[in-house]
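This report concerns only the one structure given below.
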Amino acid sequence: MNQIQAQAPYQVFTSAGELTAEHIAFFNKNGFIHFKQFISKEETAALLNSVREVHAQWIRDGREKVNGIPIVYGQDENGDRIVQRSPFTSLFSPEIRNLLSSGRLDSFLKLLPSPDARIAENEKDGVVVNHYVNHKKSGLKQMGWHTDSARDIFYFHKVQPMLNVGIYLTDSKEDQGGLRVLPGTHNQSIHRLLFRKKQFISMREDKNEVLVEAEAGDLVIHNGAIWHRVAMSPLTGPESRRITMYVPIISGKAVVKGDHSKTPFYHKLRFLAKK
Ligand SMILES: O=C(O)CCC(=O)C(=O)O
Ligand SMILES: [Fe+2]
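As structure tokens, this is what we get:
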């Protein structure tokens, strides 16, 4: 049997040191790759703690945006205000910054064959943390089908190759809804990248989707052009909780964000789609 195959259960890799030819081949064929326990449980807990501190500070400050990108708020099952999507999180978290500057993610730059591939701490939306919980007053229960690369269109830029390095801060099994990818859809025309489904609005299961089941500390990288969604948890309250952190690796012209950056239109689409 061909080892490089993305039908569930797809191949999960354990070594996350240097990238091997096998990793690169799997990624290029399928558009994603999953490394088990890239980050220790202790480090993952420290990252999650740090994210919680950042969110608590934003709630105290009543902060609405970072660099023009709205912070998505909601309520948890106890009625407490929580941050459910935080952009540019690394700019506020020494623990995340330490991880980025440790060089441990640098070998993944090789997955984006571009001379100016870089970790985007203060471009696009920076390092994003998503906090899903299935609860009536939640601001993030699921995420509709989309490609991350399509966002470039909203900035009136040419679609540039990019990757998203996903770091799981909690376990994410089918019970938490989970990431669903359509393997191989990164190898498609620009038209399919934009219009295969209705970006963020289409929520429906696809017969070809693959569920990514991960544990806290796992790392799942996906090509920005692959179609993916996050399903709603069949559970409610604390058992439905799922927290992921995405570190973008991008290429192309640098557009560094600041306090006066404008809010791009795709955030309005997200707002429509989360209902
Ligand atoms: O939470 C996830 O695993 C995926 C999030 C995502 O696709 C996004 O923020 O663009
Ligand atoms: Fe995405």
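Each residue of the sequence shown is one higher than the last, beginning at 15 in our numbering.
Ideal Cβ placement from N, Cα and C applies to all residues, glycine included.
Just so it is clear, the structure is predicted and the values come from calculations on it, not from any experiment.
Whole angstroms are fine: how far does the CA of residue j sit from the CA of residue i?
i: PHE40; j: TYR182; result: 20 Å
i: ILE47; j: PHE27; result: 8 Å
i: LEU113; j: ASN63; result: 14 Å
i: VAL195; j: HIS274; result: 35 Å
i: ASP185; j: HIS242; result: 18 Å
i: GLN190; j: TYR146; result: 9 Å
i: ARG77; j: LEU249; result: 30 Å
i: HIS200; j: GLU91; result: 37 Å
i: ASP130; j: LYS212; result: 31 Å
i: LYS124; j: GLY45; result: 14 Å
i: GLN17; j: ASP139; result: For GLN17, the predicted model reports a pLDDT of 45, less than 50, meaning its position is unreliable and no value from the coordinates is stated.
i: ALA20; j: HIS160; result: Low per-residue confidence applies at ALA20: pLDDT is 45, beneath 50, and the placement is therefore not dependable, though the value from the model is reported in the following sentence. So the two alpha carbons sit approximately 19 Å from each other.
i: GLU36; j: HIS281; result: 37 Å
i: GLU229; j: GLY198; result: 24 Å
Check whether the Cβ atoms of residue i and residue j sit closer than 8 Å, and answer yes or no.
i: TRP72; j: ILE83; result: no
i: GLY93; j: SER163; result: no
i: ASN81; j: PHE106; result: no
i: ILE38; j: ILE133; result: no
i: GLU137; j: LYS276; result: no
i: VAL234; j: VAL143; result: no
i: SER116; j: VAL68; result: no
i: VAL244; j: GLN156; result: yes
Give me whichever residues DSSP pairs with residue i in a beta bridge.
i: ARG95; result: GLN89
i: LYS138; result: The partner list for LYS138 (beta bridge, DSSP) is empty, contrary to what the question assumes.
i: LEU177; result: ASN237 and ILE263
i: MET157; result: VAL244
i: LYS79; result: PRO84
i: ASP225; result: In the sequence under discussion, the amino acid at residue 225 is Leu, which differs from the Asp named in the question. DSSP lists ARG194 as partners of LEU225.
Check the C-beta distance from residue i over to residue j and give it rounded, since I have them as a contact under 8 Å.
i: GLY158; j: MET217; result: 5 Å
i: LEU225; j: GLU253; result: Contact doesn't hold; Cβ gap of about 17 Å is too wide.
i: GLY88; j: LEU154; result: 6 Å
8 Å is my cut-off, CB to CB: does residue i come that close to chain C?
i: VAL147; result: Looking for chain C here will not work: only one protein chain is present.
Taking 7 Å as the cut-off, is the C-beta of residue i nearer than that to any heavy atom in ligand 2?
i: ASP162; result: yes
i: ASN178; result: yes
i: HIS200; result: no
i: HIS7; result: In the structure displayed, the chain extends from 15 to 289; residue 7 sits before or after that span and is not available.
i: HIS48; result: no
i: HIS274; result: no
Please indicate yes or no: does the CB of residue i lie closer than 7 Å to some heavy atom of ligand 1?
i: ASN144; result: yes
i: TYR87; result: no
i: TYR260; result: yes
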